[in-house]
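Peer 1: Supplied in structure tokens, the structure appears directly below.
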Amino acid sequence: MNDRVDPALRSAARWPSSGVNRVPFDIYLDKELYASEQAMLFKGETWNFAGLELEIPAVGDYKTGWIGDTPIVLVRSADEGFSAFVNRCAHRGATLCFDKRGHRQHRFSCVYHNWTYDLEGNLKSVAFHKGVRGQGGLPEDFDYGEHNLRKLRVESIAGLLFVTASSSTPSLSDYLGEKMSAHIRRIFNRPVRILGTYSQYMHNNWKLYMENVKDSYHASLLHLFFTTFRLNRLSMQGGLVLEGDGGHHISFSKMATETGATTEYDLEKLRAQNDQFALRDPRLLKSWPEFDDGITHAIQGVFPNLVVQQIQNSLALRLLVPRGPGECELFWILFGYADDTAEQTEVRVALSNLVGPAGLVSMEDGVIGNFVQRAIEPHAEGQTVLEMGGRGFESQDSRVSEASVRGFWNAYRKHMRI
Ligand code: FES
Ligand SMILES: [Fe+2]
């Protein structure tokens, strides 16, 4: 048996019989399982977000990124066409592109021996292929067509470009499903404008961060800011949307609908319920209704590693890149719309203080994964408990639930065959 698959099967033997309401702790630690995830999940039948069409507006513009932890290049290879390939020369494996973004006139050339590829990744020329003065060079039967860059499929939805390494991944629209596609179109309903980008490094397994994104139960408990200033509380109307294998989710709420506001929060005596604080700068609480549906908060997780964020008027994409079993890096793209007024842009920029590595809300999300990682590393035996909101992963009208976390594990087990 392939030794990359074997560890996954070992984990399967240890997966608790009760199913996705328990998760073995060593799933966040196992080095061989990490390698299997790269092969079976990120390079398997999944679509991975790679960038926005507007980031590479002209033919020849490219952006580097990752599929799992494998470096890739995404390029606009024609007016309406996009290509992607692994960022590794087919000759002896040198990195082709080093910049985050750039432009190439028709060709990608490798710095090592000058093998050259077109914008679709086809090998076009090899330096000294006929040798020098009739000596050396490539054999007569060398076939250029067999030495293209490792190509990836590219598909887009509403200006978001996704790539897959597998020829058997279903179409992007089938992969996302109707509800998830509709939500992406809801957010990307007109041309957007990027307001800023950055990344944050986290010292935890990538799956701990994705679980946190899918865990609507923690938001108003862990995040003091949300609850203190009544931005997002479980007493607001909201719910969870899942479909299919549960890998994708949307958690949403409507700020204007909070009723009986303090009752449950007061009864629980929460750390996050604190009336001693007030804001000196009220701009942080400013917002306007962004969508007609009244939804003020919507977090969408697209399996395996993309987050689409609407926190009032703070809009962002977050892409999580695994960096080994115990590390990951989160890439943020904060955006507004091209037709925003100057005042709307100012509100979005002010609200960006809520998110990111030092965000008034998100800073806890950057460390909570490590609070788990450091506690399980010395003692990996045991398992988590995921029984909030039942034991399944269907849509529900409550966010006091771990249904989306269970959905993530259901999809994970399907892809990993464990
Ligand atoms: S490694 Fe790229 S040309 Fe040799
Ligand atoms: Fe959070």
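Number 432 marks the last residue of the sequence shown (my numbering); no jumps. Just so you know, even glycine gets a beta-carbon here, dropped at the ideal spot from N, CA and C.
#1: Considering only residues of the same chain and omitting the five flanking positions on each side of Gly58, which have a CB-CB separation below 6 Å?
#2: Compare the beta carbon distance of Trp346 and Gly380 with 8 Å and say whether it is the shorter of the two.
#3: Closer than 7 Å: is that where the CB of Asn128 sits relative to any heavy atom of ligand 1?
#4: Expressed to the nearest angstrom, what Euclidean distance is found between the alpha-carbon atoms of Pro30 and Trp423?
#5: Per DSSP, Cys342 is paired with what?
#6: Quick check on Gln326: does DSSP put it in helix, strand or coil?
#7: Using only the heavy atoms of ligand 2, determine whether one of them is closer than 7 Å to the beta carbon of Glu94.
#8: Look up Ser123 in the DSSP assignment and give the residues it is bridged to.
#9: Check each candidate in Leu238, Lys268, Asn319 and name the one with the smallest Cα separation from Gln290.
#10: Measure from the alpha carbon of Ala53 to the alpha carbon of each residue in Val73, Phe407, Thr78, Thr84, then state which is nearest.
#11: Could you give the first and the last residue of the continuous beta strand (DSSP E) run that contains Lys144?
#12: Compute the Euclidean distance between the alpha carbons of Phe202 and Lys77, then round it to the nearest angstrom.
#13: Work out the CA separation of Leu254 and Ala275 for me, nearest whole Å.
#14: So, using beta-carbon positions, are Ala98 and Ala64 closer together than 8 Å?
#15: Assuming contact is defined by CB atoms lying nearer than 8 Å, are Arg164 and Val100 in contact in what I supplied?
#16: Less than 8 Å between the C-beta atoms of Val361 and Leu368, yes or no?
#17: Note the first and the last residue of the continuous alpha helix (DSSP H) segment covering Glu67.
#18: So for Ser91, helix, strand or coil by DSSP?
Peer 2: According to the structure shown:
#1: Ser180, His429
#2: no
#3: yes
#4: 12 Å
#5: Met216, Pro336
#6: coil
#7: no
#8: Thr130
#9: Leu238
#10: Thr84
#11: Element bounds for Lys144: n/a, residue is neither H nor E.
#12: 20 Å
#13: Note on Ala275: pLDDT 47, under 50, position unreliable in the model; no value is reported.
#14: yes
#15: yes
#16: no
#17: It is not in any alpha helix (DSSP H) - Glu67 carries neither H nor E in the DSSP assignment.
#18: strand
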